[in-house]
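Below is one structure, written out as structure tokens; the observations come after it.
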Amino acid sequence: MPDFEFENKLMARGYKLICGVDEAGRGPLAGPVCSAAVILHKDCIIEGLDDSKKLTEKKRESLYDIITNKAVSYSVAFSTVEEIEKVNILNATFLAMNRAINGLSLKCDYAIIDGNQVPKGISVPCTTVIKGDGKSNSIAAASIIAKVTRDRLMLEYDKTYPQYEFCKHKGYGTKLHIDKILEYGPSEIHRRSFLKKIYEKQK
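This note's numbering runs 4 ahead of the 1-based position in the sequence shown.
This is the structure we're talking about:
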């Protein structure tokens, strides 16, 4: 379970406003990638906080409300499908992370980032933590905010493109989603570069 070990060590070094950063939506075939940055008070206790992938949708929704109410500051940002196609998904993820960090109402003085790569152009000192959403409370909170925000957006897209049933798979490459793409062709929010292997298998 995540805790404040990373944050406490940084505070001992003199850092005060430490944000956790994570993303949701690197793997899907459709929709933007979403990143969140969250600053939690060192005494903030949120029961059930964990890696968003280990939680049910209902639990994530519940924790989303608690996190947004208790956070010292939080920010969410996207990189569009067009940006993903232009600069690739990794760079688009870095772009969204930087936007989230820069969007905080209180400027953080350190960032703890899920993963093993430092985002290009980051404006604050930082460290990366592999599987950080299961180790750091701040990153876990960011993972939940990013996941819930992106899922809600995909539910809105479901209203515009009901034939793809985004409400069921949120844009991920499930059999249902792939079948719908083959039946209807890609929509404006599909990542064309991600669909090449699907079409190659049909040849």
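Quick reminder that beta carbons are idealized off the backbone N, C-alpha and C, glycines included.
Item: Could you spell out the range, first to last residue, of the alpha helix (DSSP H) harbouring Cys48?; Value: Taken as a continuous stretch (DSSP letters only), Cys48 belongs to no alpha helix (DSSP H), as it is neither H nor E.
Item: Which value, in whole angstroms, describes the spacing of the CA atoms of Phe98 and Glu187?; Value: 33 Å
Item: Using a threshold of 8 Å, state whether the C-beta atoms of Pro32 and Tyr176 are closer than that.; Value: yes
Item: For Lys201 and Ile182, what's the separation of their Cα atoms in angstroms?; Value: 11 Å
Item: Looking only at its chain, what residues have a beta carbon closer than 8 Å to the beta carbon of Gly107, apart from the 5 residues adjacent to it on each side?; Value: Ala41, Ser79, Val80, Ala81
Item: Quick check on the DSSP output: what are the complete beta strand (DSSP E) runs of length 3 or more inside the stretch 49 to 92, in order along the chain?; Value: 77 to 83
Item: Look at the alpha carbon of Asp118 and the alpha carbon of Asp55, and state the distance between them as a whole number of angstroms.; Value: 11 Å
Item: Return the residue from the list Asp137, Tyr114, Ser142, Val37 that minimises the CA-CA distance to Ile49.; Value: Ser142
Item: Which residue's Cα is closest to the Cα of Lys111: Leu67, Met15, Ile43?; Value: Ile43
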